[in-house]
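Take 12 as the starting number for the sequence shown in the working numbering and just add one per residue.
In what follows, a single structure is set out as structure tokens and then discussed.
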Amino acid sequence: MWCVPHPEKPNHTLVLLDTEGLGDVEKGDNNNDAQIFALAILLSSTFVYNTMNKIDQRAIDLLYYVTELSHLLRAESSPNLDRVEDTADFVSCCPDLVWTLRDFYLSLEADGQLITADDYLETSLRPKQDTDESLQNFNLPRLCIQKFFPVKKCFIFDSPTHRKKLAQLETLNNNELDPDFVQQVADFCYYIFHSSKTKTLSGGIKVNGPHLKSLVLTYVDAISRGDLPCMENSVLALAQTKNSAAVKKAIAHYDQQMGQKLQLPTDTLQELLDLHRASEKGAIEVFMKNSFKDVDQKFQRELQACLVAKRDDFCKQNMKASSDCCMALLQDIFSPLEKDVKQGTFSKPRGYYLFIQKKQELINKYYEVPRKRIQAEKTLKKYLESKQDVADALLQTDQSLTEKEKEIEVQCMKAESAEAAAKMLEELQKKNEQMMEEKEKSHQEHVKQFTEKMERERSQSMAEQQRILDLKLQVFDCVITISSSTWAESKTLLRKLKGGKNDCFSRKAVLHVGEKGQE
């Protein structure tokens, strides 16, 4: 395998797979050849079939071996493979065929007229129209090749140089090669660079590097276990891997955005929720861009649950940071009052009123400090409650107060406590309303982006269905043009095509074993 930057298509990599001498007599293992060809068919978008001199029956029979070995491949995980009759799904995943003829020595003529290499290929693959039963062995390979490879191209190559120089071929410069050969190679490369399509799986999924790795591992593992390499299963396995990675990538994006923009504690809960929503939107976009075939939105729901958990955790962190900040502020503001209490400044007649007056002044000072954050009221209430014993002690020890005045003060303190509790309850209700509103907005964002992605995938699916329909029409055209001489011959041939384990209309197969040195 060689991977090189594509010379013509930006952001694409040209991957060259070499089957390394199929049909090697020294290897003596046709099954290994079949397995390698299975990988070549499954992984490639353009399949180069390299033969010598001319297209003859032996070369056709070797390529026909692709369809004969169809039991090694299948498009879907059908429970009954023999009942699957429509190969369009499988053919839609098959690569384009490029037939190359090295050291071609024939004249490109037919009926005294010059023809192209493509015409020569089509003529060579054209079935004969006759009722002779023996011609079925001639026609069947050609029909199957045309069916499994609807898109075909042919290139011919003259000998690159004189026979005596062939041993030094790799060291020769272009000017030492036959000019026709150099031009033929240039034409071949131009076609591969400009016409070879991006490898695409069912559903319009374009394969990238990580996809290729996953596909290779899935196919090789299936072959090693003796199972059938199934394109549908490989796509599902790829979806599992890719969607898991998409969730991680989306979460990483969310963490990065929150880490850059969030500074705890925030002034309000809404400020935090706004930052979360913006980061969540970006995370969903990342997930939608990197995921596919998320059956039942399993991975999207996983992402949504994770983002909710992260939002709640940030809210907890925000409250703690706000509480710590407010407590530090309260301790700084009230430290002089606490010092006066310890020194007995208020242990005198009317001292309790002086204490209450001073405390209220400090509370007002606390309220005047800006950016106290979301836990300002709760932290103040908690702090004052922790100092309530001091106020109670001063109240009881102030001899200048009558019992009636003390009772009134107790009622005032209870009223203040009830007012603070009511204020906290109001804030809690407001917070719950904000969280419910945020939950609804989050749900709507997930639905919105999912709907947009479904619309894009629907358009891609329609394009894919049109491509498959075109392939079906090509296959159908191939079937109806093989013989028009008699209805009996057509029935006999179609019956053979649709019967047996080597069913050419089944979804099982495309493999090929070539000669030593062929690719």
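Ideal Cβ positions, reconstructed from N, Cα and C, are used throughout, including at glycine.
The beta strand (DSSP E) enclosing valine 15, as first and last residue numbers: 13–16
- request: Have a look at the DSSP bridge pairing and note the partners of threonine 57.
  value: Asp107
message: Please report the distance separating the alpha-carbon of valine 297 from that of aspartate 107.
response: 33 Å
task: State yes or no: is the C-beta of leucine 28 within less than 8 Å of the C-beta of alanine 49?
output: no
message: Using only CA atoms, which one of Asp143, Arg113, Thr134 and Tyr265 lies nearest to leucine 154?
response: Thr134
- request: Report the rounded CA-to-CA distance for serine 495 versus glutamine 140, giving the unit in angstroms.
  value: Since pLDDT at serine 495 reaches only 42, below the 50 mark, its modelled position is unreliable, and no value is offered.
task: Pick out the complete alpha helix (DSSP H) segments inside the segment 280–325, 4 residues or longer, and give them in chain order.
output: 280–301
- request: Would you decide whether aspartate 10 is buried or exposed? Buried here means 16 or more other CB atoms lie within 10 Å of its CB.
  value: Any answer about residue 10 is impossible in this case: the structure gives the chain only from 12 up to 530.
message: Assess contact between the segment 379–392 and the segment 335–354, defined as three or more Cβ pairs (one per stretch) separated by less than 8 Å. Is contact present?
response: yes
- prompt: Can you check whether the CB of isoleucine 295 is closer than 8 Å to the CB of glutamine 460?
  reply: yes
message: Please identify the residue among Leu132, Arg384, Ile156 and Thr57 whose C-alpha is closest to the C-alpha of aspartate 72.
response: Ile156
Cα-Cα separation, glycine 270 to threonine 279: 18 Å
message: Measuring straight from C-alpha to C-alpha, what distance separates lysine 507 and threonine 24?
response: At lysine 507, the pLDDT of 43 sits below 50, so the modelled position is not reliable; the number obtained from the coordinates is stated separately. C-alpha separation (whole angstroms): 42 Å.
- request: For phenylalanine 199, collect the residues of the same chain with a Cβ closer than 6 Å to its Cβ; drop the 5 residues on either side in sequence, then sort them by chain order.
  value: Phe166
task: With isoleucine 367 as the anchor, note down where its alpha helix (DSSP H) starts and where it stops.
output: 362–379
Buried/exposed call for methionine 330, threshold 16 Cβ in 10 Å: buried
- prompt: Since glutamate 349 and glutamate 456 are thought to touch, with beta carbons under 8 Å apart, how far apart are those beta carbons, to the nearest angstrom?
  reply: 49 Å between Cβ atoms; not a contact.
message: Using only the alpha-carbon positions, how far apart do glutamine 407 and proline 347 sit?
response: 22 Å
message: Please classify asparagine 186 as buried or exposed, where buried requires at least 16 other C-beta atoms within 10 Å of its C-beta.
response: exposed
- request: Sort Asn22, Asn42, Trp110 and Ala45 by Cα distance to methionine 63 and report the nearest one.
  value: Trp110
Alpha-carbon to alpha-carbon, isoleucine 367 and glycine 355: 15 Å
- request: Have a look at Ala263, Gln268 and Tyr378 and flag the residue whose alpha-carbon is nearest the alpha-carbon of leucine 314.
  value: Ala263
query: Just the Cα atoms here: how many angstroms apart are leucine 283 and aspartate 323?
result: 11 Å
- request: Closer than 7 Å by C-beta to leucine 136: which residues in its own chain qualify, once you throw out the five before and the five after it? Chain order, please.
  value: Arg153, Ile156 and Gln157
task: Determine the burial state of methionine 12: buried for a count of at least 16 other Cβ atoms within 10 Å of its Cβ, exposed for fewer.
output: exposed
- prompt: Are the Cβ atoms of lysine 253 and serine 56 separated by less than 8 Å?
  reply: no
field: Reference phenylalanine 345; option with closest CA among Tyr377, Lys359, Tyr364 and Arg361
entry: Tyr377
message: By the DSSP assignment, the alpha helix (DSSP H) with phenylalanine 168 in it spans what residues?
response: Phenylalanine 168 -> no alpha helix (DSSP H), and no H or E assigned at all.
message: In this structure, how does DSSP classify arginine 384 when only helix, strand and coil are distinguished?
response: coil
- prompt: Out of curiosity, what's the CA-to-CA distance linking glutamine 281 and leucine 223?
  reply: 45 Å
- request: Compare the C-alpha of valine 59 against each of Glu437, Gln251, Asn148 and Lys164 and name the closest.
  value: Lys164
Beta-carbon proximity list for valine 380, same chain, < 7 Å, skipping 5 on both sides: Leu340
query: Measuring CA to CA, which of Glu31, Leu405, Glu396 and Arg384 is closest to threonine 358?
result: Correcting the residue identity first, residue 358 is serine in this sequence and not threonine. It is Leu405.
- prompt: Where do the N-terminal and C-terminal ends of the beta strand (DSSP E) with leucine 117 fall, by residue?
  reply: Looking at the DSSP string, leucine 117 is not in any beta strand (DSSP E), and its letter there is neither H nor E.
task: Counting only the same chain and skipping the five closest in sequence on each side, list residues whose C-beta sits under 7 Å from that of glutamine 382.
output: Sequence inspection shows arginine at residue 382; the glutamine mentioned does not correspond to that position. Asp278.
C-alpha distance - lysine 398 paired with lysine 353, whole-angstrom precision: 13 Å
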